[in-house]
Every structure is written in structure tokens, then in C-alpha cells.
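Novice: Below you will find the structure I want to go over with you.
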């Protein structure tokens, strides 16, 4: 999945909303809060409008990871605003969702 193969991927970006560990992470976290950090914001955004959605947000989780209450609330809010939102547990799952989204081949019956 490369922007040279699919130019619309050039607009995709990560949202640095992750915490971290140690004193440096605490200092960075406080600075990020002052700059507008919001709990629950998904990890990746693809601002490509389709005939159905205003863009694609992806929350990445580990294989056994679960979204927090704040993440679920934020994803529901974004869905209500006309965006497609997905929770992916691997690079391959995210890649598949992104390419299906761009190719309008989504199966929305299987959340």
C-alpha cells in the first residue's frame, strides 16, 4: 500500500494521540493537552470523500486490544457525522479496510 500506487493515500496521516511512559511522556502529554489533545481520537485519518462517507478513521489495536469507552464514544460521534470508522487489529486488516474504502468495495454488513 503505497502512495505511488494509490495517490489518494498521500492525504492519509496518523494522529499522534498516544501516551507513552516516563517523565518525558508526561511532559509531552501535558503539552499535547494544551495543544488540543482529545481522549478517544482515532489513530489514522484518510480524508478522502466517497459517495457515502466524508472520510475514513481507523483506531489501531493490538491483537487482543479493546477500544476504551472514550474511543467508542468518539468513533460513534464521527460515524454520526458521516465518517466511516473502523477498529483494526493488524496492518493487513487496516490495509484491507483502506483499499476497500478507496475502491468502494465495503461490506458494511460485517462490522
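In the UniProt record's numbering, the protein residues as written are 1 to 111. Idealized CB from N, CA, C, for every residue including glycine.
With distance defined between alpha-carbon atoms, name the residue in 104, 39, 38, 49 nearest to residue 11.
Specialist: For the purposes of this step, residue 11 is taken as residue 11 along the chain shown, with counting starting at 1. Per the Cα distances, 49.
Novice: Taking C-alpha atoms, which residue in 39, 4, 90, 80 lies nearest to residue 71?
Specialist: Residue 71 sits at position 71 when you count from the first residue of the chain shown. Residue 71 has its Cα closest to that of 39, out of 39, 4, 90, 80.
Novice: Rounded to the nearest angstrom, how far is the Cβ of residue 113 from that of residue 86, given a contact under 8 Å?
Specialist: There is no way to answer for residue 113, as the model of the chain reaches only from 1 to 111.
Novice: Identify which residue in 92, 9, 101 has its Cα closest to the Cα of residue 63.
Specialist: The count along the chain shown starts at 1 and reaches residue 63 at position 63. Closest in alpha carbon position to residue 63, among 92, 9, 101, is 92.
Novice: In this structure, does DSSP put residue 86 in helix, strand or coil?
Specialist: Stepping through the chain shown from its first residue, residue 86 is reached at position 86. If DSSP states are grouped into helix, strand and coil, residue 86 belongs with the strands.
Novice: Name the DSSP beta bridge partners of residue 59, please?
Specialist: Indexing the chain shown from 1 puts residue 59 at position 59. The partner list for residue 59 (beta bridge, DSSP) reads 87.
Novice: Could you name the residues of the same chain whose beta carbon sits closer than 6 Å to that of residue 44, not counting the 5 residues immediately before and after it, in chain order?
Specialist: The count along the chain shown starts at 1 and reaches residue 44 at position 44. Contacts found: 14, 58.
Novice: Between which two residues does the beta strand (DSSP E) harbouring residue 45 extend?
Specialist: By 1-based counting over the chain shown, the position of residue 45 is 45. Residues 44-46.
Novice: Between which two residues does the alpha helix (DSSP H) carrying residue 79 extend?
Specialist: Residue numbering aside, residue 79 sits at position 79 when the chain shown is read from its first letter. 69-80 is the extent of the alpha helix (DSSP H) around residue 79.
Novice: Can you check DSSP and say which residues form a bridge with residue 14?
Specialist: For the purposes of this step, residue 14 is taken as residue 14 along the chain shown, with counting starting at 1. Answer is 44, bridged to residue 14.
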